[in-house]
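**Student:** In my numbering, the protein residues as written are 469 to 798.
By construction, the Cβ of each residue, glycine as well, lies at the ideal position given by its N, Cα and C atoms.
Pasting a structure here, questions to come.
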């Protein structure tokens, strides 16, 4: 069982997943880390040159983390006498509202995460040409898309650096998603494209599947259907769970990109904290490292989304100002 499973208090919780932050907390951590990094890179395409910012990646992930519900109201266009429907008909409409609200929420979150992931591809895209040149890749074999070039860069990283370049329990989380995707592929005859033979043995295989799932959603082939009790897919809840696991996996790959391809923390906020005096700032700088970024999906006593600048009351002198009265200390 995963912490992303909607069921509460599972009878046999997974010991690995139980020490992992919930998805919303994981996503907000990645989003805030992207802001604290404050990096930029230049992306060149046939459409021109653009500056890619880690803050943009972070904005999409923060939006995904903050998302609560995308509500679908299937009563909205029922006739004016809908209030006189029998209980069975009303239950049908209510069930459709709940079903499509769950799907719309999961799909919207996944799209937001994928938008951030696309920016992460572009953030490292400038590194592909030097790698291809160093490896003597023929012009006809050059990767044409940012996602495939990012996969080539990550494959090279994993080959050079091995397991130390991946987050803790990376294979476990990727395996959860791959299992769900494989069942989805069989159940819905879902197509996959752009995956070469032997790719399933590489650490980037889960990324390949996220990329394909993103295309299914973008091209409108992802299965929706009514609730299972009304003729829909029996695995509709598992489809939502797969989307959540896809968000988790995408965030892990972004962590890898930040850890291995970022020049470090360059943001104004980070540098202000670095120059500031006080134990709270020293603790922040000591904890907010690239190693933390690699493993920020793990539960910890430190979190970027929490008040890490907390100070003791004894250290503060509060001055109260009242109109017409000299300032005093309480």
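May I have the straight-line CA-CA distance separating residue 480 from residue 486, to the nearest angstrom?
**Tutor:** As a position in the chain shown, residue 480 is number 12, starting the count at 1. As a position in the chain shown, residue 486 is number 18, starting the count at 1. When rounded, the distance between both Cα atoms is 10 Å.
**Student:** With respect to the beta strand (DSSP E) encompassing residue 520, which residues constitute its N-terminal and C-terminal limits?
**Tutor:** Locating residue 520 in the chain shown gives position 52, counting from the first residue. Unbroken beta strand (DSSP E) run through residue 520: 516–521.
**Student:** Strictly under 7 Å for the Cβ-Cβ distance: is residue 720 near chain B by that measure?
**Tutor:** Checking the listed chains, one finds no chain B in this structure; it contains a single protein chain.
**Student:** Do residue 559 and residue 599 have their C-beta atoms closer together than 7 Å?
**Tutor:** What you label residue 559 is simply residue 91 of the chain shown in a count that begins at 1. What you label residue 599 is simply residue 131 of the chain shown in a count that begins at 1. No.
**Student:** From what residue to what residue does the alpha helix (DSSP H) around residue 685 run?
**Tutor:** To locate residue 685, count along the chain shown from 1; it is residue 217. Unbroken alpha helix (DSSP H) run through residue 685: 673–686.
**Student:** To the nearest angstrom, report how far apart residue 781 and residue 522 are at their CA atoms.
**Tutor:** If you number the chain shown from 1, residue 781 lands on position 313. If you number the chain shown from 1, residue 522 lands on position 54. Here residue 781 scores only 43 on pLDDT, less than 50, and its place in the model is too uncertain to base an answer on.
**Student:** Can you tell me whether DSSP reads residue 540 as helix, strand or coil?
**Tutor:** If you number the chain shown from 1, residue 540 lands on position 72. Coil, per DSSP.
**Student:** Assuming residue 594 and residue 524 make a contact with CB atoms under 8 Å, what is their CB distance in whole Å?
**Tutor:** In the chain shown, the residue the question calls residue 594 occupies position 126. In the chain shown, the residue the question calls residue 524 occupies position 56. Their Cβ separation, rounded to whole angstroms, is 16 Å, which puts residue 594 and residue 524 out of contact at 8 Å.
**Student:** Could you give the uninterrupted runs of the beta strand (DSSP E) lying entirely in the region 695–775, keeping only those of 3 residues or more?
**Tutor:** Listed in chain order, there is nothing to give.
**Student:** For residue 510, write down the residues that DSSP places opposite it in a beta bridge.
**Tutor:** The residue given as residue 510 occupies position 42 in the chain shown. Bridge partners of residue 510: 519.
**Student:** Since residue 528 contacts residue 580 with CB under 8 Å, what's their CB separation in whole angstroms?
**Tutor:** By 1-based counting over the chain shown, the position of residue 528 is 60. By 1-based counting over the chain shown, the position of residue 580 is 112. So it is a contact: roughly 5 Å between Cβ atoms.
**Student:** Between the region 649–659 and the region 674–694, do at least 3 Cβ pairs fall closer than 8 Å?
**Tutor:** The region 649–659 is in contact with the region 674–694.
**Student:** Considering residue 643, what are the terminal residues of the alpha helix (DSSP H) in which it resides?
**Tutor:** Walking along the chain shown from the start, residue 643 turns up at place 175. It spans 638–655 - the alpha helix (DSSP H) in which residue 643 sits, taken as one unbroken run.
**Student:** Do you know offhand how far residue 597's Cα is from residue 603's?
**Tutor:** Walking along the chain shown from the start, residue 597 turns up at place 129. Walking along the chain shown from the start, residue 603 turns up at place 135. Going by the C-alpha atoms only, they are around 10 Å apart.
**Student:** May I ask you to list the residues that DSSP assigns as paired with residue 488?
**Tutor:** In the chain shown, residue 488 corresponds to position 20, counting from 1. In DSSP, residue 488 forms a bridge with 766.
**Student:** Assuming residue 648 and residue 713 are in contact, meaning their beta carbons sit under 8 Å apart, how far apart are those beta carbons, in whole angstroms?
**Tutor:** Position 180 of the chain shown, counted from the start, is the residue given in the question as residue 648. Position 245 of the chain shown, counted from the start, is the residue given in the question as residue 713. Going by Cβ atoms, the distance from residue 648 to residue 713 rounds to 6 Å, so yes, they are a contact pair.
**Student:** Taking C-beta to C-beta, are residue 642 and residue 618 nearer than 7 Å?
**Tutor:** Along the chain shown, read from residue 1 onward, the residue named residue 642 stands at position 174. Along the chain shown, read from residue 1 onward, the residue named residue 618 stands at position 150. Contact: no.
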